[in-house]
Structure formats: structure tokens, C-alpha cells
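K.L.:
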Amino acid sequence: MSATMTVLIEIPAGSDVKYELDEETGRMMVDRLMPTAMRYPVNYGLVPDTHGEDGDALDALVFISKPVLPGVAIDCKLIGLLEMEDEAGVDHKLVAVPAQTKIDPVCGDWNSLDDVPEASKREIKHFFEHYKDLEPHKWVKLKDWRDVTAAEQVLAAGRQRAKR
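Per my numbering: the sequence shown = residues -10 to 153.
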């Protein structure tokens, strides 16, 4: 059984507005509009009570067949990881689906990246390779998809960093 976590959605699938949680106020704030003609291909959020290597909460891509409003929490199970680095450092993306199949029968029974359609994985990689193209001094380097075991290690390390 894969590790579970709560994901707080920041950006709905299909959005070209980047929202971020202001941890001091607890408010969901507009960070910026996407300067490229691109939209987030999946729901995007953060995992509370974790810290990534960049000091921010760990990021998560949540496969669910509908856009989810910013600020909504979803209990999820890990299915993998997209290794990534940007101008701020290591910025891996945990990949998850709803923990309860009843939330979304389309992808709720996925257990690994093998269950994700190849076209969806290509779309996500393309998005992250290019979404910062028009932002000065910003860049992204994608590495590869990793399995649930690697994702669980990143999640565990993120939870440990948050306790310090």
C-alpha cells in the first residue's frame, strides 16, 4: 500500500493563474499569471507539514478528472515522482491520486505511474519544461519519472525536514 498524504490544492487543472498559499496569513494568494500560453495539465498543490530541499512545502501533482478549487484539501496516495530542478534548487513533484476511489473512479484505482497514460506523462513533462520560458532568469531541468518507492522516500524526508 502506497503512502498517503493530504494535498492542499493551489492551482486547478486547466488554470493559467498561479496561486500560492501564504503560510503567514493562511490565505490563497494570486502569485502571477502564466506568461506562456499554457495551462496546468493537472491539479497542483502542496503537502502540508513537509519541507522540500528548496525550503518550501513539497509540491504534488494530483490526477483527478475535474479541476479542484484552490484551498481544497484531498487525501491522496502516492503513485510516483517527477524529478525536477529549477533556479531555486531541487523541486521534485510528488505524483498522486485520490486515496478513495469513490472520489474519482477514473484514476482513483491507479497505484503506480504505469497506470498513467503515456500521453498524460508527455503533456506534464512538456508543461514543466516550458512553463517558465518567458520569465527572465527562471529555468527548469527535468530529470525523469521515479517509482512510488522513490516518492515515499522524498515524502518521508520532507516530513523529517519539517519537524526540525
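Virtual Cβ for every residue (Gly too), placed ideally from N, Cα, C.
Which partner residues of L83 appear in the DSSP bridge assignment?
P.N.:
In DSSP, L83 forms a bridge with A49 and L70.
K.L.:
How is the beta strand (DSSP E) around G34 delimited, first residue to last?
P.N.:
First-last of the beta strand (DSSP E) with G34: N32 to V36.
K.L.:
By Cβ distance below 7 Å, which residues in the same chain neighbour A46 in space, the five residues on each side in sequence not counted?
P.N.:
Within the same chain, A46 has close Cβ partners L35, V36, P37, T39 and H40.
K.L.:
The alpha helix (DSSP H) with V(-4) in it runs from where to where?
P.N.:
Unbroken run through V(-4) is the beta strand (DSSP E), T(-7) to I0; no alpha helix (DSSP H).
K.L.:
What's the C-alpha gap between K66 and E9?
P.N.:
Their Cα atoms are separated by approximately 22 Å.
K.L.:
Might you give, ordered along the chain, the residues of its own chain that have their beta carbon closer than 8 Å to the beta carbon of Q142, omitting 5 neighbours on each side?
P.N.:
None.
K.L.:
Let me make sure I understand the geometry here. Which of P106, I63 and D75 has the alpha-carbon closest to that of N32?
P.N.:
For the residues P106, I63 and D75, the minimum Cα distance to N32 belongs to I63.
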